[in-house]
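Reviewing the structure listed below.
Protein chains: 4
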Amino acid sequence: MNNGTTYTLVISCPDQRGIVAAVSSFIAAHQGSIVEADYHTDRELNRFFMRQEILAESLSFTNQDEFRQKFKETAKKFKMEWKITSSAQKKRTVVLVSQEDHCLADLLYRWRAEEFDFDIVAVISNHETTKSFVEWHNIPFHYIPMSKENKGEAFGQIEALFKKYQGDVMVLARFMQIVPADLCERLYGRIINIHHSFLPSFVGGKPYHQAYERGVKLIGATCHYATAVLDEGPIIEQDVIRVDHSHSIPDMIRLGKDVEKMVLARGLRYHVEDRVIIHQNKTIVFK
Amino acid sequence: MNNGTTYTLVISCPDQRGIVAAVSSFIAAHQGSIVEADYHTDRELNRFFMRQEILAESLSFTNQDEFRQKFKETAKKFKMEWKITSSAQKKRTVVLVSQEDHCLADLLYRWRAEEFDFDIVAVISNHETTKSFVEWHNIPFHYIPMSKENKGEAFGQIEALFKKYQGDVMVLARFMQIVPADLCERLYGRIINIHHSFLPSFVGGKPYHQAYERGVKLIGATCHYATAVLDEGPIIEQDVIRVDHSHSIPDMIRLGKDVEKMVLARGLRYHVEDRVIIHQNKTIVFK
Amino acid sequence: MNNGTTYTLVISCPDQRGIVAAVSSFIAAHQGSIVEADYHTDRELNRFFMRQEILAESLSFTNQDEFRQKFKETAKKFKMEWKITSSAQKKRTVVLVSQEDHCLADLLYRWRAEEFDFDIVAVISNHETTKSFVEWHNIPFHYIPMSKENKGEAFGQIEALFKKYQGDVMVLARFMQIVPADLCERLYGRIINIHHSFLPSFVGGKPYHQAYERGVKLIGATCHYATAVLDEGPIIEQDVIRVDHSHSIPDMIRLGKDVEKMVLARGLRYHVEDRVIIHQNKTIVFK
Amino acid sequence: MNNGTTYTLVISCPDQRGIVAAVSSFIAAHQGSIVEADYHTDRELNRFFMRQEILAESLSFTNQDEFRQKFKETAKKFKMEWKITSSAQKKRTVVLVSQEDHCLADLLYRWRAEEFDFDIVAVISNHETTKSFVEWHNIPFHYIPMSKENKGEAFGQIEALFKKYQGDVMVLARFMQIVPADLCERLYGRIINIHHSFLPSFVGGKPYHQAYERGVKLIGATCHYATAVLDEGPIIEQDVIRVDHSHSIPDMIRLGKDVEKMVLARGLRYHVEDRVIIHQNKTIVFK
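Residue numbers (the numbering used here), protein chains in the order written: chain U, 1 to 287; chain L, 1001 to 1287; chain R, 2001 to 2287; chain A, 3001 to 3287.
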């Protein structure tokens, strides 16, 4: 944790010798004081991943753009996919929710307690139940009713709102509607879902019922990026809780809520702090 | 934990009022001192399950048979499926293993340390690698080579040995051969397998490879009864361990071993202490 | 989980044969349908503990009082300490909070989501920061400023409010003021505290600082009954979360909040569902 | 995990800009292929810590000594405390054990299964109970009886044996004798102890009894470096397991063994892979 603004440099590139040397020399040459640094090499894919968090005021750049401009040469040399973000620009988060509002309430609390850097700029729901609670936080609430007939149109409105609010990330906080494949593709890597099972077990809408039927001894939750194929996107975070024969389905639902909240909050934090790199269908998460 | 011999009465029957009253009155009438008592009612199935562990010397019976004889009337009245076992008769355990011997070594240690009441009466393997270690424990070791051609015959030998040793329970301690469906059926509820994934995820022979491919953030192990359908039997115990992008498949295999050992040992303990009741494809485990 | 009203019978008495038989015969004789039953014998203390949750409508009693009246004889025979409560009478909960409001927010959410049976009847704080949030829930908020000088008087007001609201349980939800010993004694077994360490480690006001200094690899939280000796009351529930060298004290505080919330919520649920029996300085918790 | 020999460079030095740049440029200049890299800056102490694991065959050095020789200049410039080790030189481990042999058996298994790179070169005990099991592994066993009278002499023999076997690390695998302060000091950072509690709770010889008395809901184990002050050395690893009122002290001892084994094995692995840096009374552990 650090009080000043930080710039985060995230890199993915083919592995070769000298990358760390080049990047750290570049940072040192510009007086950068590194707050946090992480690396990973995927030997199978021969690919290198890096995250550097640097104290903004330590750098000799006047702003992010100069950083980007100057870094381009190094990036090109190593064929990097890269980005530079600033902690001063909090990720603008649009939360979608249906009737189960435990994840929404949890995120709203973390947001107003400033547990980590993100902004909830709007909440969208196909039910009006959470309206007054959201509005107490002075956050705009949009009610978009959904039926089989209007689904396409409704998601059109959602996408329009996301654009209007200049959303950086869309959180499906137990939004029990399947996001259309084309929207998932347009917002690839920007839609985060919480699924109420330990994926890949129990895909679909009734995972606790499936868990109960199968008689598993742990139930879980999975935070992942939404993709065109339901519940198959890259996993960011997972966790589980112990159950036994004495737990009914309502018990599992109750216990599972706590896991869902924690897993979504952790996954979202990793995302908005630019700790996650998606590669193929997996994630590197620099905690 | 208790130093004297205990009798364990395990009951499964249709639920109705008065079962606990009848059973506990019966025990009290015969001076039984209860060491541990557990109950469960499955409301959906309207079925009642009970486990009573009673200090043998406290009872007014001369032996188990008298207990059984006297209890028959109560059992009949409530349409009970029931059994009475004695802690003095340790479950005779036959362990099957292939080359990965971490679970075998773990069970052998627990057996000689007398961590819980069970006897390893024989070890059978399709490899000779564990022979000398097993024999150091003065436990008979049987080498039964296996190929596609001789599989039926080999399992015939295994079943014959299990009978010869008067086995109570067969443990597949990472025995990487699929037990024939008919043998699973004949020994239903007596074959315990450890599967190296958090079932129902990653059925089959290479679960860590599948876990790696899917990019899950936890890997696990499952102890279950072997049934005719591979990896689908009633689950006794499960656990997981955290992994991340930095873990290769060999890392997962190494980390997973510790989970497998613990989960199998716990599952086997529950079984040999008559803490497990199978009902349909699930278990009640009275811990 | 059960939809109808239940009566819960909680018993603590010297161990002897026939207690279960007597109690379950009594219940059966009055047509009681048992929802949940738990027992424990402490062999060292030779003491027996029991919790029976019974479907109210199944019983042949017109009300709780008749149940109590009829049960007296059995209770007397076995020298029982006992109580009968009804799930229809939700425990009236008064929450005390200072500035850190994560536990308060968590409890308020669980209350309005009706996750378990309890009522928050008032919130008291020595700061005004949580006032509007509490009042949004239509729960009375009382601001009682505290200083070294007025501490005795302030706690007098708190006790008066607790009486006025007919409080059943007082929750110290990160209330950073030490409750006077005499108040702890008058409300023995009715004040629940959440301490932000894994007790008995790190007693006092700065546990995360102590944990950081000691270099522990797990931090935790403890829900316990407040007693005259600070942080030494009977423990109801505890949990931990992993940390390492990369975590600063603010990181630990942030991570610890999630543990505190969960541990307090679980501990409170056990208490209000009459699952906890205090005996000497320990608890029996029938989960 | 990596099949070739690796060199591990471990550094601790005052923090300043350019350290990573200097080190990674040095490695790149000598063709080093980095297998694993970790950094940590302690902002409070203004100190920097680094671990680099490099594929030996990738480097342009003929051997470790050349690496050391060439690196000296960089090390001097940044006032580094540093070392270079080779995975080809497995840490020579001397295990001390009393009667409880679960940790010993666990380590012996991991050693013969080659779970990680270390060698058990000798086992020393004040009891003869583990002799034949150790010798089955073709590992020398030394029986050194201990009494109040001969304690000094006995530890003299232990130290002499440790030297004779050119021990790198001494593991107290539930060795229930207190190592003299002066020996702890002479072998500072080379004696690893497993303590059967979650330190700093329950220092001393009977932690499970203390845990039982206090009524904690989790019990644990701590792997730490032995120092002159009992159970107060730098902590390497800790873990816990859930218990409740139903667990007797023998139950806790049984459950705790599994935690002790795992925690010691993990802690030892971190140590022998040069993942641990001690600084003041804490550790940085690069997992």
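We treat Cβ as the ideally placed atom computed from N, Cα and C, and that holds for glycine.
The model shown is predicted, which means the values in this text are computed figures rather than measured ones.
query: Under 9 Å Cβ-Cβ, which residues of chain R neighbour U:Trp-136?
result: Taking the first residue of the first sequence as position 1, residue 136 of chain U is located at position 136. Within 9 Å Cβ-Cβ: Ser-2132, Phe-2133, Trp-2136.
query: Interface residues of chain R around A:Leu-3107 at Cβ under 8 Å?
result: Taking the fourth sequence and counting its residues from 1, the one referred to as residue 3107 of chain A is at position 107. Simply none; closest approach about 20 Å.
query: Which ranges would you report for the alpha helix (DSSP H) in the segment 2163-2213 of chain R if only whole runs of at least 4 residues count?
result: 2181-2186
L:Thr-1085, enclosing beta strand (DSSP E) - first and last residue: In the second sequence, residue 1085 of chain L corresponds to position 85, counting from 1. Element bounds for L:Thr-1085: 1081-1086.
task: At 7 Å on the CB atoms, spell out the chain A contacts of U:Ser-24, in chain order.
output: Position 24 of the first sequence holds residue 24 of chain U. In chain order: Val-3020, Ala-3021, Ser-3024.
query: chain R partners of A:Pro-3234, CB-CB under 8 Å?
result: Locating residue 3234 of chain A in the fourth sequence gives position 234, counting from the first residue. Residues of chain R passing the Cβ test: Gly-2215.
message: I'd like to know whether the C-beta of U:Ser-147 is nearer than 8 Å to at least one C-beta of chain L.
response: Reading the first sequence from its first residue, position 147 is the one you call residue 147 of chain U. No - not a single Cβ of chain L is within 8 Å of the one on U:Ser-147.
field: Among U:Arg-254, U:Glu-260, U:Ala-226, nearest to U:Gln-240 - alpha-carbon criterion
entry: For the purposes of this step, residue 240 of chain U is taken as residue 240 along the first sequence, with counting starting at 1. It should be pointed out that residue 240 of chain U corresponds to Val in this sequence rather than to Gln. For U:Val-240, the nearest C-alpha among the options comes from U:Glu-260.
query: Does any CB atom of chain A fall closer than 8 Å to the CB of R:Val-2203?
result: Start at 1 with the first residue of the third sequence, and residue 2203 of chain R comes out as number 203. So no, R:Val-2203 is outside the interface.
query: What three-state label does DSSP hand L:Asn-1281 in the structure shown?
result: Here residue 1281 of chain L is taken as the residue at index 281 of the second sequence, counted from 1. In this structure, L:Asn-1281 counts as coil in the three-state DSSP scheme.
Own chain, CB closer than 7 Å to A:Phe-3175, minus 5 neighbours either side, in chain order: Here residue 3175 of chain A corresponds to residue number 175 of the fourth sequence, with the count starting at 1. The answer, listed in chain order, is Leu-3096, Val-3097, Ser-3098.
DSSP state of R:Lys-2091 mapped onto helix, strand, coil: Along the third sequence, one-based indexing puts residue 2091 of chain R at 91. Note: R:Lys-2091 maps to strand in three-state DSSP.
Within 7 Å of chain R by C-beta, residues of the segment 3243-3259 of chain A in sequence order: Asp-3244, His-3245, Ser-3246
- prompt: How is U:Thr-62 classed by DSSP in three states: helix, strand or coil?
  reply: As a position in the first sequence, residue 62 of chain U is number 62, starting the count at 1. Coil at U:Thr-62, not helix or strand.
- prompt: Under 8 Å between C-beta atoms, does L:Lys-1261 make it to chain U?
  reply: Along the second sequence, one-based indexing puts residue 1261 of chain L at 261. Not one chain U Cβ lies under 8 Å of L:Lys-1261.
- request: Under 8 Å by Cβ, that's how I've got L:Thr-1074 and L:Ala-1022 pegged, so tell me the actual separation to the nearest angstrom.
  value: Start at 1 with the first residue of the second sequence, and residue 1074 of chain L comes out as number 74. Start at 1 with the first residue of the second sequence, and residue 1022 of chain L comes out as number 22. With a Cβ gap of about 5 Å, L:Thr-1074 and L:Ala-1022 count as contacting.
- prompt: Taking 8 Å as the CB-CB limit, is A:Glu-3036 close to chain R?
  reply: Mapped onto the fourth sequence, residue 3036 of chain A falls at position 36. Answer no: the Cβ-Cβ gap between A:Glu-3036 and chain R never drops below 8 Å.
message: Measuring only the C-alpha atoms, how far is A:Gly-3233 from A:Asn-3150?
response: Position 233 of the fourth sequence, counted from the first residue, corresponds to residue 3233 of chain A. Position 150 of the fourth sequence, counted from the first residue, corresponds to residue 3150 of chain A. For A:Gly-3233 and A:Asn-3150, the distance between alpha carbons rounds to 26 Å.
query: In chain R, which residues lie with their C-beta within 8 Å of the C-beta of A:Pro-3200?
result: Taking the first residue of the fourth sequence as 1, we reach residue 3200 of chain A at position 200. What A:Pro-3200 touches in chain R: Ser-2201, Phe-2202, Arg-2214, Val-2216.
Nearest residue (CA-CA) to A:Phe-3116, options A:Ala-3265, A:Glu-3128, A:Ile-3019: Along the fourth sequence, read from residue 1 onward, the residue named residue 3116 of chain A stands at position 116. Out of A:Ala-3265, A:Glu-3128, A:Ile-3019, A:Ala-3265 has the C-alpha closest to the C-alpha of A:Phe-3116.
- request: Could you name the residues of the same chain whose beta carbon sits closer than 6 Å to that of A:Met-3050, not counting the 5 residues immediately before and after it, in chain order?
  value: Mapped onto the fourth sequence, residue 3050 of chain A falls at position 50. The residues are Ile-3011, Tyr-3039.
- request: Note down, in chain order, every chain U residue with its Cβ under 8 Å from the Cβ of R:Glu-2115.
  value: For this step, residue 2115 of chain R is matched to residue 115 along the third sequence. Simply Arg-254, Lys-257.
- request: Could you spell out the range, first to last residue, of the alpha helix (DSSP H) harbouring A:Ser-3132?
  value: If you number the fourth sequence from 1, residue 3132 of chain A lands on position 132. First-last of the alpha helix (DSSP H) with A:Ser-3132: 3131-3136.
- prompt: For the putative contact between U:Asp-119 and U:Lys-91, defined by C-beta atoms under 8 Å, what is the C-beta separation to the nearest angstrom?
  reply: Start at 1 with the first residue of the first sequence, and residue 119 of chain U comes out as number 119. Start at 1 with the first residue of the first sequence, and residue 91 of chain U comes out as number 91. Confirmed, Cβ separation roughly 7 Å.
- request: Give the secondary structure of U:Thr-5 by DSSP, where H, G and I count as helix, E and B as strand, and everything else as coil.
  value: Along the first sequence, read from residue 1 onward, the residue named residue 5 of chain U stands at position 5. Correct three-state label for U:Thr-5: coil.
query: Considering only residues of the same chain and omitting the five flanking positions on each side of A:Ser-3267, which have a CB-CB separation below 7 Å?
result: As a first step, residue 3267 of chain A is located in the fourth sequence; it is residue number 267 there, counting from the start. The sequence given here has Gly at residue 3267 of chain A, not Ser. Once the five neighbours on either side are set aside, the close Cβ partners of A:Gly-3267 are Ile-3192, Cys-3223, Ile-3236, Glu-3237.
query: Three-state secondary structure (DSSP) at U:Tyr-143?
result: Taking the first residue of the first sequence as 1, we reach residue 143 of chain U at position 143. In this structure, U:Tyr-143 counts as strand in the three-state DSSP scheme.
query: Which residue's Cα is closest to the Cα of U:Glu-53: U:His-209, U:Ile-27, U:Ala-160?
result: Translated into positions along the first sequence, residue 53 of chain U becomes position 53. Of the candidates U:His-209, U:Ile-27, U:Ala-160, the one whose C-alpha sits nearest the C-alpha of U:Glu-53 is U:Ile-27.
query: If we cut at 8 Å on Cβ distances, does R:His-2195 have a partner in chain U?
result: For the purposes of this step, residue 2195 of chain R is taken as residue 195 along the third sequence, with counting starting at 1. For R:His-2195, the answer is no, since every Cβ of chain U falls outside 8 Å of its Cβ.
task: Check whether the Cβ of R:Glu-2273 lies closer than 8 Å to any Cβ atom in chain A.
output: Indexing the third sequence from 1 puts residue 2273 of chain R at position 273. False, the Cβ-Cβ gap to chain A never drops below 8 Å.
task: Report the three-state DSSP secondary structure of L:His-1224 (helix, strand or coil).
output: For the purposes of this step, residue 1224 of chain L is taken as the residue at position 224 of the second sequence. L:His-1224 falls in the strand class under three-state DSSP.
query: Using a Cβ-Cβ cut-off of 6 Å (strictly less than) and excluding sequence neighbours within five positions of R:Thr-2008, which residues of its own chain qualify?
result: One-based indexing of the third sequence puts residue 2008 of chain R at position 8. Here the set comprises Glu-2053, Thr-2085, Asp-2274.
Residues near U:Ile-19 by beta carbon distance below 6 Å, same chain, minus five either side: If you number the first sequence from 1, residue 19 of chain U lands on position 19. Excluding positions up to five away in sequence, the list reads Phe-48, Phe-78.
- request: Provide the residue span of the beta strand (DSSP E) that contains R:Glu-2237, from first to last.
  value: Numbered from its first residue, the third sequence carries residue 2237 of chain R at position 237. Taken as a continuous stretch (DSSP letters only), the beta strand (DSSP E) holding R:Glu-2237 covers 2235-2242.
- prompt: Is any beta-carbon of chain A found at less than 8 Å from that of U:Ser-12?
  reply: Here the question's residue 12 of chain U lines up with position 12 in the first sequence. Not closer than 8 Å to any Cβ of chain A, the Cβ of U:Ser-12 fails to qualify, so no.
message: Using only the alpha-carbon positions, how far apart do U:Ala-56 and A:Gln-3016 sit?
response: Working through the first sequence from its first residue, we reach residue 56 of chain U at position 56. Working through the fourth sequence from its first residue, we reach residue 3016 of chain A at position 16. Rounded to whole angstroms, U:Ala-56 to A:Gln-3016 spans 16 Å at the Cα level.
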